[in-house]
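J.: Going by the numbering used here, the first residue of the sequence shown is number -15, and it counts up by one from there. We put the beta carbon where it would ideally sit given N, CA and C, even for glycine. Have a look at this one before I ask anything.
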Amino acid sequence: MRKADSGIPSVPTVQVIERMFSLIDILASREEAMTLKEISEKAGLHASTTHRILNDLATGRFVDRPAAGNYRLGMRLLELGNLVKNRLNVRDAALEPMRDLHRITQQPVNLSMRQGDEIVYVERAYSERSGMQVIRAIGGRAPLHLTSVGKLFLASDEPQRIRAYATRTGLSGHTKNSLTQLPALEKELTKVRRETYATDNEELELGVRCMAAGIFDDQGKLVAGLSISAPAGRMDEAWLPKLMTTAAEISRNLGYRPG
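Next comes the structure, spelled out in structure tokens:
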């Protein structure tokens, strides 16, 4: 057990993070709620320091307070855990079909998911021969309205949510082709719903075009998008049927059954 600290609030940031993780681990060791005194003793921290950190964690919903002076792990950790679980399941289901699609097209094949107002790249199949000048790293992010996968997610939203997104983000553009006005975006999303796939015509990066198809889980929920990226002059519309077939295969792997 570490020696109890003095409760002085000005501690280095890294030390605060270490203490937060320590408190979460202590709470995870018990199913029932714990008192502030118990937690402080196990952590080797002054009660005031423990109380301050737990309050910060409670603000972020990482910790719950079922009663005054009692603490337990919060629902936010469950939400984050489920998000990671879903990503891992989608990635596992998608990896081999993505590689097969890349072998056919010889262009980068991307798996992306929505997080808030952005899409996050969670997996990619590509080779140096693809000729892409810009390869977005796994973990990279991009605005929904500038990407083919992002448009799939926006197209699945209600009109009021799309308008709220436009208000929040201002629909800022990256290139001269970016859709920066709500009427133009709404028209594009109507097309996406009709055709059940989406495209990015050099809207995120000049010289790069993309096409994307949706991936659905066993509840019929859109959980990810599969996209092909290629230099603008090399994008081949003949790849679309195989892209759609591959996305459907991944959806089946996740338990999706149309209708």
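(1) Reducing DSSP to helix, strand and coil, say where residue 40 ends up.
(2) Which two residues bound the contiguous beta strand (DSSP E) that contains residue 200?
(3) From what residue to what residue does the alpha helix (DSSP H) around residue 143 run?
(4) For chain B, is any of its Cβ atoms less than 9 Å away from the one on residue 13?
(5) With respect to the alpha helix (DSSP H) encompassing residue 167, which residues constitute its N-terminal and C-terminal limits?
(6) Using DSSP's beta-bridge definition, name the partner residues of residue 212.
(7) Hey, quick one: how far does the alpha helix (DSSP H) through residue 237 stretch, first residue to last?
(8) Along the chain, where does the alpha helix (DSSP H) that runs through residue 2 open and close?
(9) Determine the closest residue to residue 184 out of 211, 165, 167, with distance taken between C-alpha atoms.
(10) What is the DSSP secondary structure of residue 84, counted as helix, strand or coil?
(11) For residue 23, which of helix, strand or coil comes out of DSSP?
(12) Three or more beta-carbon pairs under 8 Å between the stretch 192 to 208 and the stretch 83 to 103, yes or no?
(13) In the DSSP output, what is residue 18 paired with across the bridge?
(14) Apart from the five residues on each side of it in sequence, which residues of its chain come closer than 7 Å, Cβ to Cβ, to residue 114?
(15) Out of 181, 191, 189, 239, point me to the one whose CA is closest to residue 223's CA.
T.: In terms of the structure at hand:
(1) In this structure, residue 40 counts as helix in the three-state DSSP scheme.
(2) 192 to 200
(3) 143 to 153
(4) Here chain B cannot be found, since the structure has a single protein chain.
(5) 166 to 179
(6) Residue pairing by DSSP places residue 212 opposite 93, 195 in a beta bridge.
(7) 224 to 237
(8) -3 to 12
(9) 211
(10) Residue state, collapsed to three classes: helix.
(11) Correct three-state label for residue 23: helix.
(12) Taking a cut-off of 8 Å on C-beta distances, the stretch 192 to 208 touches the stretch 83 to 103, as three or more cross pairs fall below it.
(13) 55
(14) Its pLDDT being 49, under 50, residue 114 is placed unreliably by the model, and nothing is read from it.
(15) 181
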